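A.B. asks: Residue numbers (the working numbering): 1062 to 1288.
Note that beta-carbon positions come from the ideal geometry of N, C-alpha and C, so glycine has one too.
Source: prediction; values computed, not measured.
(1) Taking the alpha-carbon of residue 1106 as reference, which of 1196, 1119, 1156 has the nearest alpha-carbon?
(2) Report the CB separation of residue 1211 from residue 1158 in whole angstroms; it is logged as a contact under 8 angstroms.
(3) What number of angstroms, rounded off, separates the C-alpha of residue 1133 from the C-alpha of residue 1192?
(4) Leaving out five residues before and five after residue 1275 in sequence, what residues of the same chain have Cβ atoms less than 8 angstroms from its Cβ?
(5) Checking the sheet assignment: what are the DSSP bridge partners for residue 1141?
(6) Answer yes or no: do residue 1205 and residue 1153 have a C-beta to C-beta separation smaller than 7 angstroms?
(7) For a test of the three-state rule: what should DSSP assign to residue 1204, helix, strand or coil?
(8) Between residue 1189 and residue 1119, what straight-line distance do the alpha-carbon atoms span, to the nearest angstrom?
(9) Please name the residue, chosen from 1185, 1240, 1259, that lies closest to residue 1215 on a Cα-to-Cα basis.
(10) Mapping the DSSP letters down to three states, classify residue 1231 as helix, strand or coil.
(11) Looking at the secondary structure, which residues open and close the alpha helix (DSSP H) in which residue 1169 lies?
(12) Going by C-alpha to C-alpha distance, which of 1089, 1140, 1069 sits closest to residue 1182?
(13) Let's test the definition: count the other Cβ atoms within 10 Å of the Cβ of residue 1137 and tell me whether it reaches 16, buried, or not, exposed.
(14) Can you give, in chain order, each stretch of the alpha helix (DSSP H) that sits fully within the region 1072 to 1136 and has at least 4 residues?
(15) On the premise that residue 1252 lies in contact with residue 1143, defined as a C-beta separation below 8 angstroms, what is that separation, rounded to the nearest angstrom?
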């Protein structure tokens, strides 16, 4: 916890690459615009929460995303234990893709400001946001077994984030080769698999404890099970 508040809010260091690497922020603006359009056009909702309740849930998951980002446990240079994927998944599972992305991205951004481990990389932030976005889209857009959709969500997120988004972000910032990044994948795969198992347990538990009148998918699942 030594870096907490030591370099906090040093915006010159955290966002100093905006002038040299402006294309990061172009990518960020374009992607956020896409998320906004998706939220406006999305007709099916995972819940019947009021605007205030959605704001509260988004704030809570943003805080959880920050905690998960900050308390990443570095076991070795090749292996880090993190629950960012789980917090992102649950946000998308409950709130849908748009707010799932927003809460996961904001949590990553807050961690980058309050407890920075170097210059902020918005492309990595997009990758973190996808942990909330992709499950939200899959659960909102497709019918079927929730555990299967959970597994598919993690498979898609792993390949898209690890092979595309994070690889691009790290290679641009640190000029790392694709081959050197491949060395990190076995450790990432193990962590993602662990997060997937935890998320499957939460998929079994959450519908039993959440208010049915606030989350539409609970009633839909019950109807499907009874037919």
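C.D. replies: Here's the rundown:
(1) 1156
(2) That pair is no contact at about 15 angstroms.
(3) 16 angstroms
(4) 1108, 1109, 1110, 1114
(5) 1135
(6) no
(7) coil
(8) 15 angstroms
(9) 1259
(10) helix
(11) 1158 to 1175
(12) 1089
(13) exposed
(14) 1072 to 1075, 1083 to 1102, 1112 to 1131
(15) 6 angstroms
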